[in-house]
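4 protein chains.
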Amino acid sequence: MNSLNGDIQKRIEETKKRVSDLHAELPRWGLVVWTAGNISERVLVSGAPSEEDLFVIKPSGVRYEELSPEKMVVCNLDGDLVEGEYKPSSDTAAHAYVYRHMPEIGGVVHTHSTYACAWAARGEEIPCGLTMIGDEYGGPIPVGPFAIIGDDSIGKGIVETLRNSRSTAVLMKNHGPFTIGTNATKAVKSAVMVEEVAKAMHLAKELGQISPIPQEAIDQLYDRYQNVYGQ
Amino acid sequence: MNSLNGDIQKRIEETKKRVSDLHAELPRWGLVVWTAGNISERVLVSGAPSEEDLFVIKPSGVRYEELSPEKMVVCNLDGDLVEGEYKPSSDTAAHAYVYRHMPEIGGVVHTHSTYACAWAARGEEIPCGLTMIGDEYGGPIPVGPFAIIGDDSIGKGIVETLRNSRSTAVLMKNHGPFTIGTNATKAVKSAVMVEEVAKAMHLAKELGQISPIPQEAIDQLYDRYQNVYGQ
Amino acid sequence: MNSLNGDIQKRIEETKKRVSDLHAELPRWGLVVWTAGNISERVLVSGAPSEEDLFVIKPSGVRYEELSPEKMVVCNLDGDLVEGEYKPSSDTAAHAYVYRHMPEIGGVVHTHSTYACAWAARGEEIPCGLTMIGDEYGGPIPVGPFAIIGDDSIGKGIVETLRNSRSTAVLMKNHGPFTIGTNATKAVKSAVMVEEVAKAMHLAKELGQISPIPQEAIDQLYDRYQNVYGQ
Amino acid sequence: MNSLNGDIQKRIEETKKRVSDLHAELPRWGLVVWTAGNISERVLVSGAPSEEDLFVIKPSGVRYEELSPEKMVVCNLDGDLVEGEYKPSSDTAAHAYVYRHMPEIGGVVHTHSTYACAWAARGEEIPCGLTMIGDEYGGPIPVGPFAIIGDDSIGKGIVETLRNSRSTAVLMKNHGPFTIGTNATKAVKSAVMVEEVAKAMHLAKELGQISPIPQEAIDQLYDRYQNVYGQ
Chain A
1 MNSLNGDIQK
11 RIEETKKRVS
21 DLHAELPRWG
31 LVVWTAGNIS
41 ERVLVSGAPS
51 EEDLFVIKPS
61 GVRYEELSPE
71 KMVVCNLDGD
81 LVEGEYKPSS
91 DTAAHAYVYR
101 HMPEIGGVVH
111 THSTYACAWA
121 ARGEEIPCGL
131 TMIGDEYGGP
141 IPVGPFAIIG
151 DDSIGKGIVE
161 TLRNSRSTAV
171 LMKNHGPFTI
181 GTNATKAVKS
191 AVMVEEVAKA
201 MHLAKELGQI
211 SPIPQEAIDQ
221 LYDRYQNVYG
231 Q
Chain B
1 MNSLNGDIQK
11 RIEETKKRVS
21 DLHAELPRWG
31 LVVWTAGNIS
41 ERVLVSGAPS
51 EEDLFVIKPS
61 GVRYEELSPE
71 KMVVCNLDGD
81 LVEGEYKPSS
91 DTAAHAYVYR
101 HMPEIGGVVH
111 THSTYACAWA
121 ARGEEIPCGL
131 TMIGDEYGGP
141 IPVGPFAIIG
151 DDSIGKGIVE
161 TLRNSRSTAV
171 LMKNHGPFTI
181 GTNATKAVKS
191 AVMVEEVAKA
201 MHLAKELGQI
211 SPIPQEAIDQ
221 LYDRYQNVYG
231 Q
Chain C
1 MNSLNGDIQK
11 RIEETKKRVS
21 DLHAELPRWG
31 LVVWTAGNIS
41 ERVLVSGAPS
51 EEDLFVIKPS
61 GVRYEELSPE
71 KMVVCNLDGD
81 LVEGEYKPSS
91 DTAAHAYVYR
101 HMPEIGGVVH
111 THSTYACAWA
121 ARGEEIPCGL
131 TMIGDEYGGP
141 IPVGPFAIIG
151 DDSIGKGIVE
161 TLRNSRSTAV
171 LMKNHGPFTI
181 GTNATKAVKS
191 AVMVEEVAKA
201 MHLAKELGQI
211 SPIPQEAIDQ
221 LYDRYQNVYG
231 Q
Chain D
1 MNSLNGDIQK
11 RIEETKKRVS
21 DLHAELPRWG
31 LVVWTAGNIS
41 ERVLVSGAPS
51 EEDLFVIKPS
61 GVRYEELSPE
71 KMVVCNLDGD
81 LVEGEYKPSS
91 DTAAHAYVYR
101 HMPEIGGVVH
111 THSTYACAWA
121 ARGEEIPCGL
131 TMIGDEYGGP
141 IPVGPFAIIG
151 DDSIGKGIVE
161 TLRNSRSTAV
171 LMKNHGPFTI
181 GTNATKAVKS
191 AVMVEEVAKA
201 MHLAKELGQI
211 SPIPQEAIDQ
221 LYDRYQNVYG
231 Q
């Protein structure tokens, strides 16, 4: 029992370090202003959730340049604080809901990146008009319902939208994007890409019609990218 | 009397340092070009204005990378120079008017940030189409009247527009945004956010209709954010 | 034979260094996010392809800040790996096709730069509405066919579009820009310029009609720039 | 004679240093890509042109990060090379024409900044819809004729457009902005501001009508800014 706890503690520290470092990607890619955006990652022991099933998340209202591994917060899947000196992010309940209902998910990211927010404010999905969107999302990037912070409605909206989708990103209506991945790095990559394709599709639509990609081609792109790309 | 003066002098120096440092946020977030933008903060002693009621403001026409605490200017609420080797910002009268008529305000920021200026040039308020706008401004960001530098008309326009509004930002028509806060840091945050939401709402409107947020939801968002968010 | 091989090896190392360094230009000019974009250069010995006819290209899925000359990959004109510890870029077949069919070409660049992608998503050529476009491209920037990764269709589309064009850039439909040059530096310059003019022409068209430049003037601009400009 | 020449040489060296340093402002404010943009300054002795009447300008086709005072080029008002190891900028004839016909002008800047180019591509003046435009330009920013490099037509177009205008900036049709000032620093400031206001006015027009500023107010703004602003 003691040795198991020791192992969990080590994984928690590693996860804190990784989540703290990953937050630097958000201002780097221009996805956030001031304190508005957060990353979490599930703590895995030997690749699986521990019995306690915990995740590490950003503290609330702390600026990106002041973040450090020690300031990160550990929560259980009810969103309750387990370890940390700060209050967890105000979006913690949504992250917890995702981990609770999608056991295969290891990372969640939320931003208010500008172009993605513009699609979200209209409640309009981002069309799949570039091969890179087919590669990464396997189709359009869907819109989730309007939901207010304070209960499980945001988390529920994310899970219901993404559960039956190839997409790792959802645009929560009038709010902004949430992205998921098997770990936090992949969820961050999805958050970076969703803003990029939100901008490219915005620009394309401004001046006319996006030329549609045949569904068969999208299927091929998605399959190849998920299985062949990278090292 | 001497010790009181000594205390004020200490607060003045602290305020100069803080206001000088905060000016770095303006180019950092892309809110200004060349010298166009300024921040001021009221000098507080034990949390309240001193008898002299002073504020610290940027010198006129000095570039951001050349600013330092020593170059900051101290004025009284008539906008007259009390201490400093430089001429105060050409917007000093507007800042002074706000401090004179809104005793609860401790910081004022003025920029010509690009997207906010675009709304201001049309004389059009920024709609509340994202939860982050509800959080921060509690509704649309209002437009103030067209006013020329040289008398109190800019200050008056700011105060009359913001006095009965939840918003901490006003778009002065054909001019640009002014933001207020209980201290300068909060006014800077509002200046950063107003440009961000000006851009997101611009983009959203370019391609269609912004999906409206129910007033009740806006009220909830605003209440929670003002009372619960942060550490 | 040994001395020839030694010479090739030296050119390979120089080319690896140059291609690795040039990749820093892609994030610098905002042409890529994450790992999406790649540069290659043909290995020349005494200014001509060697008997083996090789080129150096980026490894697949490696981030720009982790690139180094040692990680670069050497391929032959069939796109087969000749030297290197990593898998070559997933766009290697397209680069190889260009080198195979355009012996005068020494460098190829592929990005997903945002404004260029917006024109590509509509399948619309970039008009020649600025003298800088006449200088660099000698006319509009053409669109190539929609093609899926996996066979030679991308390379074929690039070559068929550019072979009879003055342009060093092609917008592959629903995909993004490919650029060519007598060496990699020139292909990178074309990739930087194509995004810039894609943006300027996008903005110009948003608010009205682009004033056309007479064909005679375009011919003059192109001739002068190719023959007189620079040191 | 010797001492006069010595004095001129000293002023030339100072001017080379200043013009070289000022070129860093062009990429800093995002006004240029690759090598496309140049600054010149007239060499003044005791505040007046010397008998030789010379100016310092950027060498052709050299990248900004490789510039240094020694690489700068000295030309006479016919645009002929007087001193320097490099070929002068391909826009030298236009700079020379301005100095020849506007003796009060001490600095000229040319860029292809993106939003200004978009207005230039349509041949449309930038309206005066913000007080900052009234301050700096005293009215709309005018369009000059389409002109081809190779004779005096660019210089002539600049001079004829600006001679009877308050504006220090002209948008040469299908080409880009040229700005002037009593020295190079002021011409650079005008180049920075013209891009900023080109963007703000572009955005304003995208979503509706710009609210016009009364001519009387523009006159007041221009007069105050030229005579009162700054230290």
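Protein chains in written order, with the UniProt record's numbering: chain A, 1 to 231; chain B, 1 to 231; chain C, 1 to 231; chain D, 1 to 231. Think of the CB as a built atom: it goes at the ideal place given N, C-alpha and C, for glycine as much as any other residue.
Query: Own chain, CB closer than 6 Å to Phe146/B, minus 5 neighbours either side, in chain order; Result: Lys173, Asn174
Query: Closer than 7 Å at the beta carbon, the chain B residues around Ile210/D; Result: Ala121, Arg122
Query: For Leu31/C and Gly30/A, the rounded distance between their alpha carbons; Result: 14 Å
Query: 7 Å Cβ cutoff met for Val109/D and Pro88/D; Result: no
Query: Meets three-Cβ-pair contact criterion under 8 Å: the region 122 to 129 of chain A and the region 199 to 218 of chain B; Result: yes
Query: Span separating the alpha-carbon of Tyr225/A from that of Glu136/A; Result: 7 Å
Query: Alpha-carbon to alpha-carbon, Thr179/D and Gly61/A; Result: 44 Å
Query: CB of Leu77/D within 7 Å of CB of Ser20/D, strictly; Result: no
Query: Contact belief for Leu54/D with Val98/D at Cβ below 8 Å, rounded distance in angstroms; Result: With 8 Å as the limit, Leu54/D and Val98/D do not qualify as a contact, their Cβ atoms being about 14 Å apart.
Query: Whole-Å CB distance - Ala94/D paired with Glu195/D, under 8 Å assumed; Result: Their Cβ separation, rounded to whole angstroms, is 19 Å, which puts Ala94/D and Glu195/D out of contact at 8 Å.
Query: For Val143/D, the three-state DSSP class (helix, strand or coil); Result: strand
Query: Under the three-state DSSP convention, the category Gly155/D falls into; Result: helix
Query: Chain-ordered neighbours of Glu206/B on chain D, where CB pairs are closer than 9 Å; Result: Glu206, Leu207
Query: Environment of Gly150/B [buried if 16+ CB atoms lie within 10 Å]; Result: exposed
Query: Start and end residues, beta strand (DSSP E) containing Ile180/C; Result: 176 to 181
Query: Between the CA atoms of Asn38/A and Leu26/A - distance to the nearest angstrom; Result: 9 Å
Query: Test: Lys186/B CB closer than 7 Å to a CB of chain A; Result: no
Query: C-beta contact flag for Thr15/A and Val45/A at 7 Å; Result: no
Query: Chain D contact residues for Lys156/B, given Cβ-Cβ distances below 9 Å; Result: By Cβ distance, chain D contributes nothing, its closest Cβ being about 16 Å from Lys156/B, past 9 Å.
Query: Cβ of Ala48/B within 7 Å of any chain A Cβ; Result: no
Query: Straight-line Cα distance separating Arg18/D from Lys71/D; Result: 12 Å
Query: Per-residue contacts from Val82/B into chain A (C-beta, under 7 Å); Result: By Cβ distance, chain A contributes nothing, its closest Cβ being about 32 Å from Val82/B, past 7 Å.
Query: Interface residues of chain D facing Thr131/C [CB-CB closer than 7 Å]; Result: Asn174, His175
Query: Same chain, Cβ closer than 6 Å to Ala96/C, five either side skipped, listed in chain order; Result: Leu77, Gly79
Query: One or two residues paired with Glu83/D in a DSSP bridge; Result: Val74/D
Query: Distance CB(Thr114/D)-CB(Ala200/C) smaller than 7 Å; Result: yes
Query: Among His202/B, Met102/B, Ala198/B, the one whose alpha carbon lies nearest that of Lys156/B; Result: Met102/B
Query: Interface flag, Val194/A vs chain C, CB-CB below 7 Å; Result: no
Query: Opening and closing residue of the beta strand (DSSP E) in which Val192/C lies; Result: Segment 184 to 206 is the alpha helix (DSSP H) holding Val192/C; no beta strand (DSSP E) there.
Query: Beta-carbon neighbours of Gln215/C, restricted to chain D and to distances below 7 Å; Result: None at all; the shortest Cβ gap to chain D is about 13 Å.
Query: Member of Val56/A, Ile105/A, Glu65/A whose CA lies at the smallest distance from the CA of Glu85/A; Result: Val56/A
Query: Residues that Trp29/D contacts on chain C, provided the C-beta gap is smaller than 8 Å; Result: Correct list: empty, because the minimum Cβ distance to chain C is about 15 Å.
Query: Where Lys10/D falls, given that 16 or more other Cβ within 10 Å makes a residue buried; Result: exposed
Query: Per-residue burial, Gly107/B [other beta carbons within 10 Å of its own, 16 or more giving buried]; Result: buried
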